[in-house]
Amino acid sequence: MTRNSYLFIAAFISGFLLLGIASSALESLLFDQIPYNYTSYLSIPPNHSNEAPIGGYYKIYGKGRDFNFRIVLPGAEDHESPLDYTSDGLNGTGKINNIDITYGTIISLLSGNFKNALFNTRVDGNFTMTCAAWTGYGNFTNNGKDFLGNFKINGPISNWEGKFNLIPKNNQIALKTDYIWYPNGSKAPNNIKEVKKTYYM
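Just so we're aligned: the sequence shown equals residues 37 to 237 in this note's numbering.
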C-alpha cells in the first residue's frame, strides 16, 4: 500500500469522525492493514559499578495485530556463553488480542510515531521469544494508565520469571523489570535471586 493510499484512508476516517459516525469495526479493519517498522537504541545497565553498559538496538515490525521483535547487542556474543546469547540476538513474535483502536492510534502509526501509539492505546496481548539456547513467553496490557507485563524464560541452566513496566521518559522508553532467577528445576527459596533493573530504549 502506498503512502498516498494511507493518507487517503486517514482523511476518510477523519471525515467519519467529524460526522460522528465512525465505527470501531471500520477502524479495526484499517488497523489490520497497516504495516509498521520501528528501530531504536537499547541500553542495558552493567551488573557491577566497574563495568560499562551494553548498547544495542531493538526492532519491532509487523502488520496490524501480528508483530515481531528483535534485540541485538553487537559484541555481546564475545563475552557471553553461547547458551545465553549469540550474534543472532533475541527474536520473538507476538499477537495483540484486544485493542481499543482510535483515530489517534492510526494517525500515530501512519506518521511513524510508534511511541505515541504504544502508550495511548489500550491493548493486551502475548508473545514468545528465543535467544541462543533458551525460550520464553509472556503477556502485556496497557489499561490507559500503566503498561504492564509478565514473562517467563526457560534456559538450559537457569530460569527467570517476573514482571515489567514500560514508562515513557522524555525521548526514551524505560523498561523497568522486577524478576527472579534460579537454577533450572531448583526453585527452592535459598536458590532464588531477586533482580530489579531498568533498561532504556
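By construction, the Cβ of each residue, glycine as well, lies at the ideal position given by its N, Cα and C atoms.
Beta-carbon proximity check, residue i vs residue j, cutoff 9 Å
{"i": "residue 187", "j": "residue 202", "result": "no"}
{"i": "residue 119", "j": "residue 193", "result": "yes"}
{"i": "residue 166", "j": "residue 221", "result": "no"}
{"i": "residue 130", "j": "residue 171", "result": "no"}
{"i": "residue 181", "j": "residue 213", "result": "no"}
Cutoff 8 Å; reference residue i; Cβ partners in own chain excluding five residues on either side
{"i": "residue 82", "result": "88, 89, 90"}
{"i": "residue 150", "result": "72, 74, 96, 144"}
{"i": "residue 216", "result": "196, 197, 198, 228, 229, 230, 231"}
{"i": "residue 109", "result": "78, 80, 90, 91, 92, 121, 125"}
{"i": "residue 226", "result": "none"}
Close-in-space but distant-in-sequence residues of the same chain around residue i (CB under 6 Å, 5 per side omitted)
{"i": "residue 144", "result": "152, 153"}
{"i": "residue 133", "result": "160, 161"}
{"i": "residue 107", "result": "94, 125, 126"}
{"i": "residue 235", "result": "80, 211"}
{"i": "residue 189", "result": "170, 172, 196"}
First and last residue of the uninterrupted alpha helix (DSSP H) at residue i
{"i": "residue 79", "result": "Element bounds for residue 79: not the alpha helix (DSSP H) but the beta strand (DSSP E), 71–80."}
{"i": "residue 139", "result": "139–146"}
Option nearest residue i by Cα separation, candidates the options
{"i": "residue 11", "options": "141, 135, 233, 65", "result": "Past the boundaries of the shown model lies residue 11; the chain is included only from 37 to 237, so the question cannot be answered."}
{"i": "residue 178", "options": "170, 200, 171, 79", "result": "200"}
{"i": "residue 99", "options": "146, 115, 111, 191", "result": "146"}
Three-state secondary structure assigned by DSSP to residue i
{"i": "residue 214", "result": "strand"}
{"i": "residue 151", "result": "helix"}
{"i": "residue 194", "result": "strand"}
{"i": "residue 226", "result": "helix"}
{"i": "residue 202", "result": "strand"}
{"i": "residue 68", "result": "coil"}
{"i": "residue 114", "result": "helix"}
{"i": "residue 120", "result": "coil"}
{"i": "residue 181", "result": "coil"}
{"i": "residue 20", "result": "An answer regarding residue 20 cannot be provided, because it is not within the stretch 37 to 237 covered by the chain."}
{"i": "residue 86", "result": "coil"}
{"i": "residue 156", "result": "coil"}
Segment limits, beta strand (DSSP E) that includes residue i
{"i": "residue 126", "result": "126–135"}
{"i": "residue 160", "result": "159–167"}
{"i": "residue 230", "result": "229–236"}
{"i": "residue 95", "result": "90–99"}
{"i": "residue 104", "result": "102–108"}
Own chain, CB closer than 7 Å to residue i, minus 5 neighbours either side, in chain order
{"i": "residue 113", "result": "121, 122, 123"}
{"i": "residue 140", "result": "156"}
{"i": "residue 116", "result": "none"}
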